[in-house]
Amino acid sequence: MKPSGMIKLDKVFPACHSVLDTEIWNKLVAECGGNPESETLVQTSTSFMGKLGLPEFLPELARLELTISKVRNEKNSLPPLVDHLQINPTICLLELSWKNIHFLVNSDNPSSGKAPEPGNERILIWRHPKTGKSIVSPATDEDLLVLKMVLEGIDSDDVAPEGGLPVGAIDRALRRASARGLILAPRSRIRRDRDSFPVGEIADEAFFESPFFTIQWHITQACDLHCRHCYDRSGRSPLDPGQAIGFLDDLRTFCRSRHVMGQVSFSGGNPLLYPYFLDLYRAASDRGFVVAILGNPASEKTIGALCEIQKPAYYQVSLEGLREHNDFIRGRGTFDRAIEFLQILRDFTIPSQVMLTLTKDNIDQVLPLAEMLRDHVDTFNFNRLSQVGEGADLLLPTHDAYAAFLHEYVAATKSNPIMGLKDNLINIIRYESGMEPFGGCAGYGCSAAFNFVALLPDGEVHACRKFPSLIGNIFENSLAEIYDSEIARRYRAGTQACRSCPIRPVCGGCLAVVHGQGLDIFTERDPYCFMKLDP
Numbered sequence: 057m058k059p060s061g062m063i064k065l066d067k068v069f070p071a072c073h074s075v076l077d078t079e080i081w082n083k084l085v086a087e088c089g090g091n092p093e094s095e096t097l098v099q100t101s102t103s104f105m106g107k108l109g110l111p112e113f114l115p116e117l118a119r120l121e122l123t124i125s126k127v128r129n130e131k132n133s134l135p136p137l138v139d140h141l142q143i144n145p146t147i148c149l150l151e152l153s154w155k156n157i158h159f160l161v162n163s164d165n166p167s168s169g170k171a172p173e174p175g176n177e178r179i180l181i182w183r184h185p186k187t188g189k190s191i192v193s194p195a196t197d198e199d200l201l202v203l204k205m206v207l208e209g210i211d212s213d214d215v216a217p218e219g220g221l222p223v224g225a226i227d228r229a230l231r232r233a234s235a236r237g238l239i240l241a242p243r244s245r246i247r248r249d250r251d252s253f254p255v256g257e258i259a260d261e262a263f264f265e266s267p268f269f270t271i272q273w274h275i276t277q278a279c280d281l282h283c284r285h286c287y288d289r290s291g292r293s294p295l296d297p298g299q300a301i302g303f304l305d306d307l308r309t310f311c312r313s314r315h316v317m318g319q320v321s322f323s324g325g326n327p328l329l330y331p332y333f334l335d336l337y338r339a340a341s342d343r344g345f346v347v348a349i350l351g352n353p354a355s356e357k358t359i360g361a362l363c364e365i366q367k368p369a370y371y372q373v374s375l376e377g378l379r380e381h382n383d384f385i386r387g388r389g390t391f392d393r394a395i396e397f398l399q400i401l402r403d404f405t406i407p408s409q410v411m412l413t414l415t416k417d418n419i420d421q422v423l424p425l426a427e428m429l430r431d432h433v434d435t436f437n438f439n440r441l442s443q444v445g446e447g448a449d450l451l452l453p454t455h456d457a458y459a460a461f462l463h464e465y466v467a468a469t470k471s472n473p474i475m476g477l478k479d480n481l482i483n484i485i486r487y488e489s490g491m492e493p494f495g496g497c498a499g500y501g502c503s504a505a506f507n508f509v510a511l512l513p514d515g516e517v518h519a520c521r522k523f524p525s526l527i528g529n530i531f532e533n534s535l536a537e538i539y540d541s542e543i544a545r546r547y548r549a550g551t552q553a554c555r556s557c558p559i560r561p562v563c564g565g566c567l568a569v570v571h572g573q574g575l576d577i578f579t580e581r582d583p584y585c586f587m588k589l590d591p
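Numbering (our numbering), first residue to last: 57 to 591.
Printed below as a string of structure tokens:
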């Protein structure tokens, strides 16, 4: 028969129970009277160490498990929303005189961790605000710094110089702590207004609020290629280095005020041809931004230099079909050069993406190209041609041909893991098939001027780079003023023609295609839409 209170003690002190054989555990329970509501087992294990032959670390393990139990059963709920950074109120900091004890409570197989050994160690225990799960982790210097900053209201800009670190390193530490639930952060202010934005049948809040804000920065018009579908070959003058870094500071201010992670996707032209590219890339990294590159193939030396600063979140290159057609569009030898470059990215473990601009002439090559790239790239996507600039001389497929292609593409994704979902109209197929929607072009259907804007070399800010959609200029207004402007709000709202659509939050068509077809982007819907709507 089990001693009184043994079942409760098993639940509060499972690790202590697991390290003792049954006979010793039963004797320990009998000695402490089976009372898990106090320090009884901790005190008893200390007092009867020699008599019962207990492991020396057992009292500390019992202290840890008792604290975990208290955190787990704490009745005070975590606040669902905060308006500034706060410490998670469930956190407990425990000073232990034995190291590695946390392995005994964190692992299903305690033998997989390091063995307990004498030595001081500080342990943090808290409940994650989203999962409610109790977390046990050694307190790192970074953890303690973040907790001190939040507790005392110290800003990253003040901490970074003292530690000789770029401010981005401190911002990243805060984000890591927030992701782990050590601190509570305000919700993103980049979110749809559900009182005025069409909701349709989309219930998932994730499609209405973005934790990221991306600048697609075309830092130069200079390019080593002359593609037949290029949408802008104009001679825009690039920002000088001081102006460019000044904009990064403005972007950081904007992202902090909106409580979002900032991403800078460098593009062009070919961004690597900007004379001060590495300096600008480093400045973006130093400010804590996620950095990505949309450009042409580069040398192994260049990629190595980037990785010494910060590994890109991804590097995107373009292919326009199989070898013959691609080289017709982008130039002789560009297909093989891109394939060779994808291997360089793989050698540096940089996530790689290939983007195809879909036209009437290459629609039949998309699936064969995706199959050929299966072992070369991490993600393959396509965009429909924007018929602006030199792309105005090329043709898109017919409405029916494109709808049939999308069905074939979606079917092929089931067997080819590199094939991504990007075109918003794919959500029509998912809706008609009873499947959950995906985020569409940039995670939120048409994301023009929502969680994404394009910055051109001369300071112009556009809602989308693929067609003229000017919403401001950084030489005239801050990014916040541009984002909050009436014209930016108009682009965010999209076309009136889609307001009654059940999947509007994850679709909205493609404004660039609408524009390229000579239609009004604010009143007419994507001419390739095949959603059947009630009148």
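Glycine included, every Cβ here is placed at the ideal spot set by N, Cα and C. If you're wondering where the values come from, they're calculated on a predicted model, not measured in any experiment.
#### Entry: Cβ-based burial, Ser556 [other Cβ within 10 Å; buried from 16]
exposed
### Task
Taking 8 Å as the threshold, find out whether the region 240–254 comes into contact with the region 263–272 through three or more Cβ pairs.
yes
### Task
Indicate whether Glu50 and Phe69 have their beta-carbon atoms separated by less than 7 Å.
A question about residue 50 goes unanswered here, because the residues of the chain that appear run from 57 up to 591.
#### Entry: For Leu141 and Asp211, the rounded distance between their alpha carbons
11 Å
#### Entry: Bridge partner(s) assigned by DSSP for Pro194
Ile179
### Message
Using only the alpha-carbon positions, how far apart do Asn418 and Asp383 sit?
### Response
12 Å
### Query
Do Val161 and Ala216 have their C-beta atoms closer together than 7 Å?
no
### Task
Provide the residue span of the beta strand (DSSP E) that contains Arg128, from first to last.
Careful: Arg128 lies outside any beta strand (DSSP E), inside the alpha helix (DSSP H) at Leu114 to Arg128.
### Query
Ends of the alpha helix (DSSP H) at Phe391?
Thr390 to Asp403
### Per-residue DSSP class, three states only, for Ala86
helix
### Task
Report the option in Thr309, Cys279, Val373 and Thr123 whose CA atom is closest to the CA atom of Ala67.
It is worth fixing the name first, because residue 67 is Lys in this sequence and not Ala. When each option's Cα is compared against that of Lys67, the closest is Thr123.
### Inter-residue Cα distance where the pair is Val85 and Leu76
12 Å
### Query
beta strand (DSSP E) containing Asn382: first to last residue?
First-last for Asn382: Arg379 to Arg386, but that is the alpha helix (DSSP H), not the beta strand (DSSP E).
### Message
Could you check whether the Cβ of Lys186 sits closer than 7 Å to any Cβ belonging to chain B?
### Response
In the structure shown, chain B does not exist; there is a single protein chain.
### Residue from Ala361, Glu218 and Arg231 with nearest C-alpha to Val206
Arg231
### For Leu575 and Phe586, the rounded distance between their alpha carbons
17 Å
### Task
Reducing DSSP to helix, strand and coil, say where Phe436 ends up.
strand
### Message
Within a Cβ cutoff of 7 Å, which residues of the same chain sit near Met57, ignoring the five residues on either side of it in sequence?
### Response
With a pLDDT of 43 at Met57, under the threshold of 50, the modelled position of that residue is not reliable, and the figure given next carries that caveat. Hits under 7 Å: none found.
### Query
When the Cα of Asp349 is compared with those of Gln409, Arg250 and Ile147, which residue comes out closest?
According to the sequence shown, residue 349 is Ile rather than Asp. Comparing Cα-Cα distances from Ile349 to each of Gln409, Arg250 and Ile147, the minimum goes to Gln409.
### Message
Let's test the definition: count the other Cβ atoms within 10 Å of the Cβ of Ser355 and tell me whether it reaches 16, buried, or not, exposed.
### Response
exposed
### As assigned by DSSP and simplified to three states, the class of Thr413
strand
### Message
Comparing C-alpha positions only, which one of Ile359, Cys502 and Gln573 sits nearest to Gln399?
### Response
Ile359
### Message
Just verifying my parser: in three-state terms, what is the DSSP assignment at Asp582?
### Response
coil
### Task
Look up Met57 in the DSSP assignment and say whether it is helix, strand or coil.
Summary for Met57: the model assigns pLDDT 43, below 50, so the residue's position carries little reliability; its value from the coordinates is reported in the next sentence. Of the three classes helix, strand and coil, the one that applies to Met57 here is coil, per DSSP.
### Message
For Val569 and Ala498, I'd like the C-alpha separation in whole angstroms.
### Response
16 Å
### Message
Please report the straight-line C-alpha distance between His628 and Glu396, rounded to a whole angstrom.
### Response
Residue 628 is absent from the structure shown; the chain starts at 57 and stops at 591.
### Task
Run the CB neighbour count on Met491, radius 10 Å, all protein chains shown included, and call it buried at 16 or more, exposed below.
exposed
### Extent of the continuous alpha helix (DSSP H) run through Arg341
The sequence given here places Ser at residue 341; Arg does not occur at that position. Run containing Ser341: Phe333 to Asp342, per the alpha helix (DSSP H) assignment.
### Query
In whole angstroms, what is the alpha-carbon distance linking Phe322 and Phe310?
18 Å
### Message
From the DSSP secondary-structure annotation, give me the bridge partner or partners of Thr270.
### Response
Gln319 and Phe508
### Task
Would you kindly report the start and end of the unbroken alpha helix (DSSP H) that includes Ser234?
Val223 to Arg236
### Query
What are the boundary residues of the beta strand (DSSP E) that Gln372 is part of?
Tyr371 to Ser374
### Query
Skipping 5 residues on each side, what residues in its chain have a beta carbon closer than 6 Å to that of His455?
Tyr584
### For Asp280 and Arg386, the rounded distance between their alpha carbons
10 Å
### Query
Taking C-beta to C-beta, are Leu152 and Ile191 nearer than 7 Å?
no
### Task
Report the option in Leu567, Arg545, Glu542 and Pro424 whose CA atom is closest to the CA atom of Ala553.
Leu567
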